[in-house]
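Here the protein sequences line up with chains F and A, keeping their order. The number in this note's numbering is simply the position in the first sequence, starting from 1, with 66 added. The number in this note's numbering is simply the position in the second sequence, starting from 1, with 186 added. We put the beta carbon where it would ideally sit given N, CA and C, even for glycine. In this text, all values refer to a predicted model and were calculated from it rather than measured experimentally. Have a look at the structure below, then the notes.
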Amino acid sequence: MPPPTDFTSACPLPLAQYPHVLLAHGGGGTLMHQLLEQVFLAAFGRPAPGAQHDSAVLDCPAQRLAFTTDSYVVRPMFFPGGDIGSMAVYGTVNDLAMSGARPRWLSAGFILEEGLPMESLGRVVCSMRDAARRCGVRIVTGDTKVVDKGKGDGLFLNTAGIGVVEHALTIVPRSVQPGDAILVNGDLGRHGMAIMAVREGLDFQSVIESDSAPVADLVLELLRAGLPVHCLRDLTRGGLASALNEIAAAAGVHLTVDETRIPVREDVHAACELLGLDPLHVACEGRFVAFVPAGEAERTLAVLRAHPSGSGAALIGQVGADAPPLVVLKSALGASRILDMPSGEQLPRIC
Amino acid sequence: MKFLDEYRDAAAAQKLAQEIHRVTTRPWSLMEVCGGQTHAIVKFGLDQLLPPRITLIHGPGCPVCVTPLELIEQALDLAARPGVLFCSFGDMLRVPGRATDLLAVKAAGGDVRIVYSPLDAVKLAEQFPAREVVFFAVGFETTAPTTAMAVFQAARKGLKNFSLLVSHVLVPPAMEAILSSPNCRVRGFLAAGHVCTVMGYWEYFPIAAKYRVPIVVTGFEPLDILQGVLMCVRQLESGRAEVENQYARSVREAGNRPAQQLLQQIFGVVPRQWRGVGEIPQSGLGLRPEYAAFDAAKKFGLADHHVAEPAECRSGLVLQGQIKPHECPAFGTRCTPEHPLGATMVSSEGACAAYYRYRRHQPAVATA
């Protein structure tokens, strides 16, 4: 479980005289500098005296680097199991991890809507600080813009990340080989259903908490164990179904997964049934799929399960022969069907 | 999951399938009425477990699919108007009209919102008294009582800014229309379990007797459907034509009386167009004259759009069980869930969408 990110006295003081974000906080003047000093630098750390500049200069060993960016627009900003701040750190860290990279540096771009409670901004920034510490990354550069009230949805965030590639593998879809085993690091669909339940005001008896979590440490653990990982993909929008279809198409292979082996928690399954959604189409924020040679499947599973972020790991299927690129799901009843990408947005159905 | 996994048990399913094989001596065509059943059959591959002599014909029981284009056009017209807050169930949003769909209207600035219950639309009407809140009332007897309750509450609260675009349809008249068709191949029905939960199955006795056809009220889980098929085949094999209830854990003969009373209080029975089928007499629900103030078509003076279906779309034949989805030349090529020619490809309960989503890997269904 991530540590709680309550807004405590340990957090930076969010400009007590202004309880809400003003347009002037993005105007380049005194107020913007106060915001920078008292909120962002206080939380993320300051550069050496006299070194604060238009860009950060990074000391980097001469290795391969991984570089990624992602924007975060989640509504609501705070949800059971996480918030936009920790998600913006974990999401980008996880994207780096999917190349097997060790995440090192992040940027943070904030687009704030005029009128955003300063307290909310403070909570998000604290959460980012704590998340970055947990992942061992530093937020070294950033930007703030304020847009007119009504032109944003409170707060949008962009993070870009740089990681160092310390292995010699080629972790990409085209490395996937016929016969490879397909694994996931835990139960699916919790993030999407947690957001859906809050956003739509659905009162389920139990609160579904997001699975938002960093997985970089777990991936590095796989590499440390010397496992020849062929491909990794995090299961965000579109869930497992989209990730598998993307990889099948990119690698030109046929994938078969076994429905009975795919872990989905009972409350998530029930909520999906209620809304007519397929848990395999629902987004996760701390889950990935891994492709390894069949002979390494058991050892991969053991390494995953020994780590807290992989305790619910499972072997769910295997890669078939080349082409046609397709994902087939074997159902519990023994019949088989296509596991397709969701078509457009996941819309709850009528009855 | 309790109350669900029991009805998806693989060993029990195999047992039922074996029993169906054992009792079947002749070819029989059965129609599952409800789109939810079609979806389950295709998703779980239940028809693959049946003897080749049993043919399942996919019925017209998908409310999204049978909502006529005229009403879709009216919905698009209303949703685009300034001052209107248009509420709909989620899967109506992608249904294509002549030139656009509700999602595109929303993107162009229309206030279109997904609601899970018509009562949420009533709440919105209270919350935004200066806006005209319109609910797109789609569905069979299953969703109609909640619409009726929304009208009842709106009337009691004296709301003047709430109205409905009504497209509710009734199942038994559609079954009769199918049975009266000269090309009818249906020898037995799996009736829609959820519709019967509300309406009971007393309405089916005269139909079974008049057309000499077994009707088995059936649920939606794999074991429900297989058991429904078995009950239906047993009747056919022994020459019976009775109404039976497979879905007894949810359905009583009389149904839900208070829901039926509310329906009668708010709605009257009217003729209704079914997309792909045509007009079926006495097959729809319309607001009673005392509730005419809630009728969006009257309130906004909506034009009676007459819209021709795309000539290439065979959804009418699919909805009547005349062809299987993949027998349509456009299936999977010019008609996909991303670019649907007709509603059966849009809704998750539409037969074409179900075949496209789950069956493309099978040689018989594969497209060029």
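Going along the chain, which unbroken runs of the beta strand (DSSP E) with 3 or more residues stay wholly within the segment 400-485 of chain A?
401-404, 429-431, 453-460 and 464-473
Scan the segment 223-235 of chain A for residues whose Cβ lies nearer than 8 Å to a Cβ of chain F and list them as they occur along the chain.
228, 229, 230, 231, 232, 234 and 235
Would you grab the beta carbon distance between residue 34 of chain F and residue 245 of chain F for me? Rounded to a whole angstrom, and I think it's under 8 Å.
Lying before the first or after the last residue shown, residue 34 of chain F is absent from chain F, which here runs from 67 to 417.
DSSP state of residue 248 of chain A, grouped into three classes?
By one-based count along the second sequence, residue 248 of chain A stands at place 62. In this structure, residue 248 of chain A counts as coil in the three-state DSSP scheme.
Using a Cβ-Cβ cutoff of 7 Å, what residues of the segment 381-409 of chain F are near chain A? List them in chain order.
392, 394, 397, 398, 399, 400, 401, 402, 403, 404, 406 and 409
How long is the line joining the alpha carbons of residue 71 of chain F and residue 193 of chain F, rounded to whole angstroms?
As a working note, residue 71 of chain F is residue 5 in the first sequence. As a working note, residue 193 of chain F is residue 127 in the first sequence. Caution is warranted here: a pLDDT of 44 is assigned to residue 71 of chain F, below 50, making its placement in the model unreliable, and no coordinate value can be reported.
So, is residue 432 of chain A buried or exposed, given that buried needs 16 or more other C-beta atoms within 10 angstroms?
Counted from its first residue, the second sequence places residue 432 of chain A at position 246. Per the 10 Å Cβ criterion, buried.
According to DSSP, is residue 417 of chain F part of a helix, a strand, or is it coil?
By one-based count along the first sequence, residue 417 of chain F stands at place 351. Unreliable placement is indicated for residue 417 of chain F, whose pLDDT of 49 sits below 50; no coordinate value is reported for it.
Shorter than 8 Å from the beta carbon of residue 339 of chain F to some beta carbon of chain A?
Here residue 339 of chain F refers to the residue found at position 273 when the first sequence is read from its first residue. Yes - at least one Cβ of chain A is within 8 Å of the one on residue 339 of chain F.
List the residues of chain A that residue 266 of chain F touches, going by C-beta distances under 7 Å, in chain order.
Here residue 266 of chain F refers to the residue found at position 200 of the first sequence. Going along chain A in sequence order, the residues near residue 266 of chain F (Cβ under 7 Å) are 302.
If you pair each beta-carbon of the segment 178-196 of chain F with each one of the segment 327-344 of chain F, do three or more pairs fall below 8 Å?
no
Min CB distance residue 190 of chain A to chain F below 8 Å:
Taking the second sequence and counting its residues from 1, the one referred to as residue 190 of chain A is at position 4. Output row for residue 190 of chain A: interface = yes.
Apply the 10 Å Cβ neighbour rule to residue 331 of chain A and answer buried if 16 or more other Cβ atoms are within range, or exposed otherwise.
For the purposes of this step, residue 331 of chain A is taken as residue 145 along the second sequence, with counting starting at 1. Buried: at least 16 other Cβ atoms inside 10 Å.
Give the residues of chain B in contact with residue 342 of chain F, contact being defined as C-beta atoms less than 7 Å apart.
This model lacks chain B altogether; the protein chains it does include are F and A.
List the endpoints of the continuous alpha helix (DSSP H) containing residue 304 of chain A.
Within the second sequence, residue 304 of chain A is the residue found at index 118, counting from 1. Counting along the chain, the alpha helix (DSSP H) containing residue 304 of chain A begins and ends at 304-313.
Quick check: the Cα distance between residue 399 of chain F and residue 347 of chain F, rounded to an integer number of angstroms?
Against the first sequence, residue 399 of chain F aligns to sequence position 333. Against the first sequence, residue 347 of chain F aligns to sequence position 281. Using only the alpha carbons, I get a separation of about 21 Å.
Contact criterion: CB-CB distance below 8 Å. Does residue 547 of chain A meet it with respect to chain F?
Residue 547 of chain A sits at position 361 when you count from the first residue of the second sequence. With 8 Å as the cut-off, residue 547 of chain A counts as an interface residue toward chain F.
Can you give me the Cβ contacts of residue 474 of chain A inside the same chain, cut-off strictly under 6 Å, excluding the 5 residues immediately before and after it?
Reading the second sequence from its first residue, position 288 is the one you call residue 474 of chain A. Answer for residue 474 of chain A: 454, listed in chain order.
Closest Cβ-Cβ distance between residue 358 of chain A and chain F: below 8 Å?
Sequence index remark: in the second sequence, residue 358 of chain A carries index 172 (1-based). Not one chain F Cβ lies under 8 Å of residue 358 of chain A.
Counting pairs of Cβ atoms below 8 Å between the segment 439-456 of chain A and the segment 260-269 of chain A, do you hit three or more?
no
Can you confirm whether residue 543 of chain A, when its beta carbon is compared against all beta carbons of chain F, has any partner nearer than 8 Å?
For this step, residue 543 of chain A is matched to residue 357 along the second sequence. Answer yes: the Cβ-Cβ gap between residue 543 of chain A and chain F drops below 8 Å somewhere.
As assigned by DSSP and simplified to three states, the class of residue 391 of chain F:
One-based indexing of the first sequence puts residue 391 of chain F at position 325. Three-state DSSP puts residue 391 of chain F in coil, outside helix and strand.
Could you give the distance in angstroms between the alpha-carbon of residue 141 of chain F and the alpha-carbon of residue 470 of chain A?
Here residue 141 of chain F refers to the residue found at position 75 of the first sequence. Here residue 470 of chain A refers to the residue found at position 284 of the second sequence. Those two C-alpha atoms are separated by around 39 Å.
Work out the CA separation of residue 175 of chain F and residue 533 of chain A for me, nearest whole Å.
The count along the second sequence starts at 1 and reaches residue 533 of chain A at position 347. The count along the first sequence starts at 1 and reaches residue 175 of chain F at position 109. Those two C-alpha atoms are separated by around 39 Å.
Any chance the CB of residue 391 of chain A is under 7 Å from a heavy atom of the ligand GTP?
The ligand GTP is absent from the structure shown, which contains no ligand whatsoever.
Using a Cβ-Cβ cut-off of 8 Å, state whether residue 194 of chain A counts as contacting chain F.
Working through the second sequence from its first residue, we reach residue 194 of chain A at position 8. Yes, contact with chain F.
Should residue 408 of chain A be flagged as near chain F, meaning a C-beta pair shorter than 8 Å?
Stepping through the second sequence from its first residue, residue 408 of chain A is reached at position 222. Chain F, which has a Cβ nearer than 8 Å to the Cβ of residue 408 of chain A, makes this yes.
Determine the burial state of residue 65 of chain F: buried for a count of at least 16 other Cβ atoms within 10 Å of its Cβ, exposed for fewer.
Any answer about residue 65 of chain F is impossible in this case: the structure gives chain F only from 67 up to 417.
What residues of chain F sit near residue 199 of chain A, judged by a beta carbon separation below 7 Å?
Locating residue 199 of chain A in the second sequence gives position 13, where the first residue counts as 1. Chain F residues near residue 199 of chain A: 399.
Ignore the nearest five residues each way along the sequence and tell me which others in residue 272 of chain F's own chain have a CB closer than 7 Å to its CB.
On the first sequence, position 206 is the one that residue 272 of chain F refers to. Counting only Cβ-Cβ distances below 7 Å, and skipping sequence neighbours, we find 333.
Give the DSSP bridge partners of residue 298 of chain A, in chain order.
For this step, residue 298 of chain A is matched to residue 112 along the second sequence. Partner(s): A:272.
Give the single residue among F:268, F:284 and F:239 whose Cα lies nearest to the Cα of residue 321 of chain F.
Counting from 1 along the first sequence, the entry for residue 321 of chain F is found at position 255. Closest option to residue 321 of chain F, Cα to Cα, is F:239.
Here's the rule: buried if 16 or more other CB atoms are within 10 angstroms of the residue's CB, otherwise exposed. What is residue 366 of chain F?
Working through the first sequence from its first residue, we reach residue 366 of chain F at position 300. Buried, by the Cβ-count rule.
Buried versus exposed, by CB contacts within 10 Å (16 or more), residue 328 of chain A:
Position 142 of the second sequence, counted from the first residue, corresponds to residue 328 of chain A. Label assigned to residue 328 of chain A: buried.
Between the Cα of residue 434 of chain A and those of A:384, A:486 and A:424, spot the shortest distance and give me the residue it belongs to.
Position 248 of the second sequence, counted from the start, is the residue given in the question as residue 434 of chain A. The candidate whose alpha carbon is nearest that of residue 434 of chain A is A:384.
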